[in-house]
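To start, the structure itself, in structure tokens.
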Amino acid sequence: MGRILIVDDEELALENLEYAMKKEGYEVVCANNGSMAFKNLEKQEFDVVMTDLRMDKVDGIQVLTRCRSLYPDSEVIIITAYASLPSAIE
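Counted from 1, the sequence shown has number 83 at position 84 by numbering that gives the first Met the number 0; the numbering is strictly sequential.
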């Protein structure tokens with residue numbers, strides 16, 4: 000199975016996503032903020048990065064940008080509780 004990086008500053012969301020992905024057999028690494036995600040991305044490549052859109056200091060778009068620059072073939076999934084058309088277009 001593949002390796003997934005999950006990034007979310009909400010602990011419950013992070014734990015739930017981690018549980019669901021591990022249950023499906025994925026290797027999971029969690030980061031509770033964007034800065035921690037950057038550190039994990041510098042250490043290893045991930046098949047998929049799931050990141051919250053809205054986080055303090057380093058947001059999901061910055062995580063997406065860093066991931067794409069380091070690993071162009073990795074898939075990035077943006078998740079958010081604050082869906083809006085402008086954020087979807089971004």
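Note that beta-carbon positions come from the ideal geometry of N, C-alpha and C, so glycine has one too.
| query | For residue 26, which residues does DSSP report across the bridge? | reply | Along the sequence shown, read from residue 1 onward, the residue named residue 26 stands at position 27. Bridge partners of residue 26: 2.
| task | Pick helix, strand or coil for residue 41, following the three-state DSSP scheme. | result | On the sequence shown, residue 41 is found 42 positions in, with the first residue counted as 1. Helix at residue 41.
| By DSSP, does residue 20 sit in helix, in strand, or in coil? | Translated into positions along the sequence shown, residue 20 becomes position 21. In the three-state scheme derived from DSSP, where H, G and I count as helix and E and B as strand, residue 20 is classed as helix.
| field | Per DSSP, the bridge partner or partners of residue 9 | value | To locate residue 9, count along the sequence shown from 1; it is residue 10. In the DSSP output, where bridge partners are listed per residue, residue 9 has none listed.
| query | Distance, Cα to Cα, residue 55 vs residue 0? | reply | For the purposes of this step, residue 55 is identified with residue 56 of the sequence shown, where counting begins at 1. For the purposes of this step, residue 0 is identified with residue 1 of the sequence shown, where counting begins at 1. Residue 55 and residue 0 have their C-alpha atoms roughly 31 Å apart.
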